[in-house]
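With my numbering applied, the sequence shown covers 1453 to 1752.
Notes follow the structure.
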Amino acid sequence: MIRRLVVVLALSAAALAPAPASAQRALELADSLAAAGMADDAREALMGWWEEEGADAPRASLQRALWLRGLLTVDPRQASLDFQRLVVEYPGGPHTDAALLRLAQNERAVGRPGRAAEHLRALVRDYPSSPQRLRARTLLAEVEAEAERAPGPSMGDVAPERPPAEAPSEEVRVPQPAPAADRGETEPPSEAATAARSVESAAPPGAEERSAEAAAVPAGRFAVQLGAFSTVERARALFGRARAAGLEPRMVRVPGSALVRVRADRFLTRDGAERRLAHVRSAGFDALVVVDADREEDVP
């Protein structure tokens, strides 16, 4: 309870500070919360910083924010994108050597020791004074041995495996009458059978899946969060942008935090939320999946 109160007071102080100081404090708050193991609160503070300051942030702050987001995200793809961005856009930066190490660890975890070795060689070669260098050399020896033991070509040269095809959605099929030739008849199909086939062919792909997810909305604890803000005005601006993009956003708070969150949809499972997350991100929103939708309180 005391830690939550500290978070609320810190956010309030950041909101009252001048703009540059407020931005710096929000980033420092996210860093401190992450170091204290309060990952959920750190993610909220960091997401608020991205929404309010990310577009105009100075180079040093942006690198720090990318590093924190890569550490805190629950989406491994987002983490890899942020670490890769540090490597490509900020070579020699304060977090780039650690980002290379993280990329190598991620590649090794998914069975690609060849790609992991590439990142580790870059770290050892390009960052001779890095505190990560000794760890990188040890890992490099391990992944090179793994790559040699792997049958066939190096895993670093193998194209990513195609994602499995989506299972066809279940359909309710109306039994059709036997062909006229089998019945010894030449009469046309009944009107009911024709109508049933028309409805069946008109149903859009995945309609049943979407209907099932929609039915789960009231009770689900998973949701897609588009942003978190210290002021209602900024939240309303994102709310309006989300509605204009065809989403169905809502503005909420959760107990223990002063931030106003903009969220869309609710799901019983993380898989459903992550499928929706991909759609929301493709619409241009830097969103994430949250797991406390069952604790939401509406913001009028």
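Glycine included, C-beta positions come from ideal geometry on N, C-alpha and C.
Residues near residue i by beta carbon distance below 7 angstroms, same chain, minus five either side
i	result
Leu1538	Gln1515, Leu1518, Trp1519, Gly1545, His1547, Thr1548 and Ala1551
Gly1692	none
Ala1491	Leu1524
Asp1417	Residue 1417 lies beyond the stretch modelled for the chain, which goes from 1453 to 1752, so this question has no answer here.
Glu1496	Ala1680, Ser1709 and Leu1711
Contact under 8 angstroms by Cβ, residue i with residue j
i	j	result
Arg1521	Leu1498	yes
Val1684	Glu1748	no
Glu1503	Leu1740	no
Asp1717	Glu1700	yes
Leu1572	Leu1586	no
Val1714	Ala1735	no
Contacts around residue i, its chain only, beta-carbon distance under 6 angstroms, and the 5 residues preceding and following it disregarded
i	result
Val1742	Ala1675 and Gln1677
Phe1681	Gly1500, Ala1687 and Val1712
Glu1596	Ala1569
Ala1556	Ala1568, His1571 and Leu1572
Rounded straight-line distance, which links the Cα of residue j to that of residue i
i	j	result
Asp1738	Leu1720	22 angstroms
Asp1493	Ala1507	22 angstroms
Asp1527	Tyr1579	28 angstroms
Ala1531	Leu1524	8 angstroms
Val1540	Ala1574	12 angstroms
Asp1744	Ser1484	22 angstroms
Ala1478	Arg1529	25 angstroms
Tyr1542	Ala1588	19 angstroms
Glu1505	Val1732	21 angstroms
Asp1750	Gln1536	37 angstroms
Gly1698	Pro1752	21 angstroms
Pro1510	Arg1601	46 angstroms
Gln1476	Ala1730	30 angstroms
Gly1489	Ala1696	37 angstroms
Glu1480	Ser1581	26 angstroms
Residue i burial status per 10 Å Cβ neighbour count (16 or more: buried)
i	result
Gly1672	buried
Val1576	buried
Met1703	buried
Pro1583	exposed
Arg1567	buried
Ala1593	exposed
Arg1728	buried
Val1562	exposed
Asp1534	buried
Glu1618	Confidence is the limiting factor: at Glu1618 the pLDDT is only 42, short of 50, which leaves the residue's position unreliable and the question unanswerable from this model.
Glu1559	buried
Ala1512	exposed
Ala1487	exposed
Ala1482	buried
Contact set for residue i: own chain, Cβ-Cβ below 8 angstroms, skip 5 residues either direction
i	result
Glu1726	Asp1527 and Val1741
Any non-hydrogen atom of the ligand FMN closer than 7 angstroms to residue i Cβ
i	result
Arg1585	Within the structure as shown, the ligand FMN is missing, as the structure has no ligands at all.
Q) Counting only runs that start and end within the stretch 1515-1601, where is the alpha helix (DSSP H) found for 4 or more residues in a row? A) The qualifying runs are 1528-1541, 1548-1561, 1565-1578 and 1585-1601.
Q. Hey, which unbroken runs of the alpha helix (DSSP H) at 4 residues or more fall wholly within the stretch 1718-1742?
A. Runs found: 1722-1734.
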